[in-house]
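Everything in the sequence shown is counted per our numbering, starting at 29 for the first residue and increasing by one. The beta carbon of each residue, even a glycine, is placed where N, CA and C say it ideally should be. Comments concern the structure below.
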Amino acid sequence: MLPIEQFHPLVVHFPIVFVLVLAAFDLVAVWRGQPLSGRGAIANVSAGLAFSAGLAAAAAYVFGDLAFDVALAKGTPLAVLETHEELGSIVAALLVAWGLVRAFIWIRSVSLSRRLGWGIVAIEIAAAALIITTAYFGGQLVYDFGVGVSLPS
29 MLPIEQFHPL VVHFPIVFVL VLAAFDLVAV WRGQPLSGRG AIANVSAGLA
79 FSAGLAAAAA YVFGDLAFDV ALAKGTPLAV LETHEELGSI VAALLVAWGL
129 VRAFIWIRSV SLSRRLGWGI VAIEIAAAAL IITTAYFGGQ LVYDFGVGVS
179 LPS
């Protein structure tokens with residue numbers, strides 16, 4: 029079985045992909061005049077991606093918190109971990125909240141204007157930028173500091 033700290037790198041790619049695909053998907057949909065609400069195929073896929081991003085972000089946060097504790101126990105300085113940990117917490121909270129908002133919109137069939145559709149796209153592009161920034165700092169932990177890297181025996 030894998031060490032617990034190695035589950036975070038396995039899980040963390042899911043919310044990244046879901047958010048990037050969600051932002052691109054909704055951008056194209058709104059650009060083409062498709063509604064992001066209701067029960068149509070576009071709205072179903074969009075809401076599903078948003079909710080999946082929230083679930084995946086929650087899982088990445090839980091495993092990231094465990095990996096954080098292991099890294100500290102192995103002697104990684106707190107200052108090295110702080111930026112990624114803080115950004116990861118913010119991203120997880122925002123994506124869980126966004127997934128719940130989008131699920132509410134889908135469940136209640138809330139009608140959204142095209143203008144609100146563009147607002148949704150703007151929020152999702154901002155979330156994509158934030159998650160890419162968080163991923164950059166996570167990569168820096170691995171490639172610059174060797175956090176979570178197991179040496180061959």
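Residue span of the alpha helix (DSSP H) that contains residue i, given as start and end
i	result
Gly-147	142-173
Glu-113	106-135
Leu-38	35-39
Check: residue i C-beta below 6 angstroms from any heavy atom of the ligand MG
i	result
Val-177	This structure simply doesn't include the ligand MG, nor any ligand for that matter.
Proximity to residue i [Cα-Cα], best of the options
i	options	result
Ser-74	Gly-127, Ala-87, Gly-167 and Phe-42	Gly-127
Arg-67	Ala-88, Trp-134, Val-40 and Leu-140	Trp-134
Ala-71	Ser-137, Ser-178 and Ile-151	Ser-137
Arg-130	Gln-62, Arg-142 and Gly-82	Gly-82
Leu-140	Leu-38, Leu-115 and Gly-61	Gly-61
Simplified DSSP state of residue i, which is helix, strand or coil
i	result
Arg-60	coil
Val-47	helix
Leu-30	coil
Leu-179	coil
Val-138	coil
Expected contact under 8 angstroms - CB spacing of residue i and residue j to nearest Å
i	j	result
Val-98	Ile-159	That belief does not hold up - the Cβ atoms of Val-98 and Ile-159 are roughly 23 angstroms apart, past 8 angstroms.
Ile-148	Leu-77	So it is not a contact: roughly 12 angstroms between Cβ atoms.
Ala-155	Leu-179	Ala-155 to Leu-179, Cβ: 35 angstroms. No contact.
Leu-100	Leu-94	Not confirmed; about 11 angstroms, so no contact.
Phe-165	His-112	4 angstroms
Val-47	Ala-87	With 8 angstroms as the limit, Val-47 and Ala-87 do not qualify as a contact, their Cβ atoms being about 14 angstroms apart.
What are the complete alpha helix (DSSP H) segments, minimum 4 residues, inside the region 65-93? none
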